[in-house]
Amino acid sequence: MIGVEELFGLTGRVAVVTGASSGLGVGFATALAQAGASLVLAARRADRLESLAAKLGEAGVEVLPVACDVTDSSQVDALKDACLERFGRVDILVNNAGTTEVAPAEDETEEAFLRVLNVNLNGSFYCAQRFGRVMLDAGAGSIINVASIFG
Numbered sequence: 285m286i287g288v289e290e291l292f293g294l295t296g297r298v299a300v301v302t303g304a305s306s307g308l309g310v311g312f313a314t315a316l317a318q319a320g321a322s323l324v325l326a327a328r329r330a331d332r333l334e335s336l337a338a339k340l341g342e343a344g345v346e347v348l349p350v351a352c353d354v355t356d357s358s359q360v361d362a363l364k365d366a367c368l369e370r371f372g373r374v375d376i377l378v379n380n381a382g383t384t385e386v387a388p389a390e391d392e393t394e395e396a397f398l399r400v401l402n403v404n405l406n407g408s409f410y411c412a413q414r415f416g417r418v419m420l421d422a423g424a425g426s427i428i429n430v431a432s433i434f435g
């Protein structure tokens, strides 16, 4: 009989989680670590990434925290390069970085609307494109896009 670990275990796999410094990102990172994946944690808040990396590292997981603003394609390129330099592969991308503005649409400023689009749409695109190319070259990989009705 095949066990749960054999079916769902991620030992030997590498997962990149954007927006890993808070909320769902911490949850995704923790769950992936519990399944045995090595992790690349990405977010703008380096101090929070370092704290999470230390916590997950104590559990025996290999973790690379990388400060990254996903709205800057050059920073996403650097994130991808750091991942490949450290682990040589990427198997999973959790495109989780996101933001929102708490205002009714009729009151939202154009600047705020564009800021949300830049993080939630452009950031997801940059990450999926860069890491997707690596996955295509490897012949395998999974991209999980996280979205919200609020942004």
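When you read off a place in the sequence shown, starting at 1, and then add 284, the result is the number in the numbering used here. Backbone N, C-alpha and C fix where the C-beta goes; we use that ideal spot for every residue, glycine too. Note that this is a predicted model, so its numbers are computed, not measured.
#1: Using the C-alpha atoms, what's the distance from E334 back to R297?
#2: From K364 to G293, what does the alpha carbon distance come to, in whole angstroms?
#3: What's the gap between the Cα of A387 and the Cα of I433?
#4: If you drop the 5 nearest sequence neighbours on each side, which residues of the same chain put their C-beta closer than 6 Å to that of A299?
#5: If contacts are defined as beta-carbon pairs under 8 Å, then G372 and N404 qualify, I think. What distance do you get, rounded to the angstrom?
#6: Do you know whose CA, among A424, V354, D361, lies nearest A304's CA?
#7: For S426, report the span of its beta strand (DSSP E) as first-last.
#8: For L294, which three-state DSSP category applies?
#9: Does DSSP put A362 in a helix, a strand or coil?
#10: Only counting runs of 3 or more residues, tell me where the beta strand (DSSP E) segments fall wholly within the region 373-402, in order along the chain.
Let me lay it out:
#1: Reading the sequence shown from its first residue, position 13 is the one you call residue 297. Reading the sequence shown from its first residue, position 50 is the one you call residue 334. CA-CA distance, R297 to E334, rounds to 21 Å.
#2: Stepping through the sequence shown from its first residue, residue 364 is reached at position 80. Stepping through the sequence shown from its first residue, residue 293 is reached at position 9. One C-alpha to the other measures close to 23 Å.
#3: Working through the sequence shown from its first residue, we reach residue 387 at position 103. Working through the sequence shown from its first residue, we reach residue 433 at position 149. Their backbone Cα atoms lie some 13 Å apart in a straight line.
#4: In the sequence shown, counting from the first residue as 1, residue 299 sits at position 15. Taken in chain order, the residues that qualify are L316, A321, L323, I376.
#5: Walking along the sequence shown from the start, residue 372 turns up at place 88. Walking along the sequence shown from the start, residue 404 turns up at place 120. The pair is not a contact, with the Cβ atoms about 30 Å apart (cut-off 8 Å).
#6: Walking along the sequence shown from the start, residue 304 turns up at place 20. Comparing Cα-Cα distances from A304 to each of A424, V354, D361, the minimum goes to V354.
#7: Your numbering for residue 426 matches position 142 in the sequence shown. 426-429 is the span of the beta strand (DSSP E), which, as asked, contains S426.
#8: Against the sequence shown, residue 294 aligns to sequence position 10. Here L294 sits in coil by DSSP.
#9: In the sequence shown, residue 362 corresponds to position 78, counting from 1. In the three-state scheme derived from DSSP, where H, G and I count as helix and E and B as strand, A362 is classed as helix.
#10: Within the region 373-402, the complete beta strand (DSSP E) runs of at least 3 residues are 376-379.
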